[in-house]
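Worksheet: one structure, shown below.
In my numbering, the protein residues as written are 1 to 365.
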């Protein structure tokens, strides 16, 4: 039974009419600039009590089996393939569960040898062929839809993020500490790869020059999305600057065209000269534009902008699930408006072992 089909047809009934309260918590906040860029006003007031039931008519909740070969403390990324969840963990394992949460098997083998991976830095998947791509430092490992190892490709660069969209392969590389005349530079590059995983094109995206090396990660690494024939990209700057990198770009050939801009409440720089906002991502899904960001590098926030009516929701910490616990959404399949959340498992009956996390999957309405 296909999970996509379940989400689409679950509880076959007409969508509930959004009540006045929902209209109130969204701010009308869209305008088109003279230069054609979509301008999104981020509401100054943040919400902390928005229920997921107000955003979706159906939520699939999947408690992951607490299996001795698949004990999980934290999940980095999740892929959805047919009736399976493929997830990478904070300790660089890739594990496969079925749609009921039963542990199936690990994907591949941990190690330094051919066909093995030591660090699973990111995952990607070809929705058409079902091929799964595991990025491990300088190499890409390819697995079949049946989880069999197919091939390994070694590159001369570190890939932080890979996105496979139909026949197109896009990779993001962050280079830290390149020596330049004024000090050091952190540089971001976008690569286009062939189906055989050869680099066929390179687009320098950004160069941030600093007096001394500074580097960090924000997480929530959802950098590239595609709607129709359009590919959108946003990559973060995790170091301090005198202005915000607040623009989602449209990739047109070898050019990046500004598409949407987030207008955060001022001031953007605090009294000490530090950025007030650290934007982790911007994702263009079918009906929404979303973004995860930190305010002063503190608690995570999520901006959710509905394109149909220009309403914008600004949430601090996360949303409330079906039992009132706080969870944070992440994009799963943008073109279907599918999102997911990960909730920490409860302690088991013995009181000593924590159960594996619970996954929730929902389609925004």
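Ideal placement from N, C-alpha and C gives every residue a C-beta, glycine not left out.
These numbers come from a predicted model, not from an experiment.
Considering only residues of the same chain and omitting the five flanking positions on each side of residue 257, which have a CB-CB separation below 7 angstroms? 249, 250
On the DSSP bridge assignment, give the partners of residue 186 in chain order. 208
In angstroms, rounded to a whole number, what distance separates the CA positions of residue 281 and residue 234? 6 angstroms
Which ranges would you report for the beta strand (DSSP E) in the segment 275–311 if only whole runs of at least 3 residues count? 277–279, 288–295, 300–306
Rounding to the nearest angstrom, what Cα-Cα distance links residue 143 and residue 198 in this structure? 17 angstroms
By DSSP's criteria, residue 172 is part of a beta bridge. Which residues make up the other side? 161, 190
Let me check understanding here. Comparing Cα to Cα, which of 190, 244, 252, 159 lies closest to residue 267? 244
Between the Cα of residue 121 and the Cα atoms of 147, 87, 151, which residue gives the shortest distance? 87
Express the C-alpha separation of residue 264 and residue 335 in angstroms, rounding to a whole number. 26 angstroms
Mapping the DSSP letters down to three states, classify residue 217 as helix, strand or coil. coil
Whose C-beta lies closer than 6 angstroms to the C-beta of residue 355 among residues of the same chain, with five residues either side of it excluded? 66, 345, 346, 348
Using DSSP bridges, identify the partner residues of residue 249. 233, 258
Minimum C-alpha distance to residue 73 - residue among 58, 108, 358, 362: 358
Within the continuous beta strand (DSSP E) that includes residue 330, where are the two ends? 330–333
For residue 364, three-class secondary structure by DSSP: coil
By how many angstroms is the C-alpha of residue 205 removed from the C-alpha of residue 159? 15 angstroms
Taking the straight line between their C-alpha atoms, what separation do you get for residue 368 and residue 247? Since the first residue of the chain shown is 1 and the last is 365, residue 368 is not available in this structure.
With a 10 Å radius around its C-beta and 16 neighbouring C-beta atoms as the bar for buried, classify residue 108 as buried or exposed. buried
When DSSP labels each residue in this structure, what does residue 54 get in the three-state scheme? helix
For residue 270 and residue 239, the rounded distance between their alpha carbons: 15 angstroms
Inter-stretch contact (C-beta, 8 angstroms, three-pair minimum) for the segment 275–292 and the segment 53–61: no
When the Cα atoms are used, what is the spatial distance from residue 93 to residue 309? 41 angstroms
Report, in whole angstroms, the separation of the C-beta atoms of residue 62 and residue 85, which I expect to be a contact under 8 angstroms. 7 angstroms
Which whole-angstrom value describes the C-beta separation of residue 150 and residue 124, a residue pair presumed to lie in contact below a C-beta threshold of 8 angstroms? No, residue 150 and residue 124 are not in contact; Cβ-Cβ is about 14 angstroms, not under 8 angstroms.
So residue 119 and residue 141 are supposed to be a Cβ contact under 8 angstroms. How far apart are they, rounded? No, residue 119 and residue 141 are not in contact; Cβ-Cβ is about 11 angstroms, not under 8 angstroms.
N-terminal and C-terminal residue of the beta strand (DSSP E) that residue 342 is part of: 338–343
Which stretch, first to last residue, makes up the beta strand (DSSP E) that contains residue 181? First-last for residue 181: undefined, no H or E at that position.
Between the beta-carbon of residue 172 and the beta-carbon of residue 220, is there less than 8 angstroms? no
Ordered along the chain, which non-local residues of its own chain (more than five positions away) have a Cβ less than 6 angstroms from that of residue 38? 260
According to DSSP, is residue 63 part of a helix, a strand, or is it coil? strand
Could you compute how far the alpha carbon of residue 319 sits from the alpha carbon of residue 290? 14 angstroms
Kindly list the residues whose CB is nearer than 6 angstroms to the CB of residue 106, restricted to its own chain and excluding five residues on each side of it in sequence; keep chain order. 95
Own chain, CB closer than 6 angstroms to residue 211, minus 5 neighbours either side, in chain order: 183
Residues sharing a beta bridge with residue 105, DSSP: 96
Might you give, ordered along the chain, the residues of its own chain that have their beta carbon closer than 6 angstroms to the beta carbon of residue 145, omitting 5 neighbours on each side? 130
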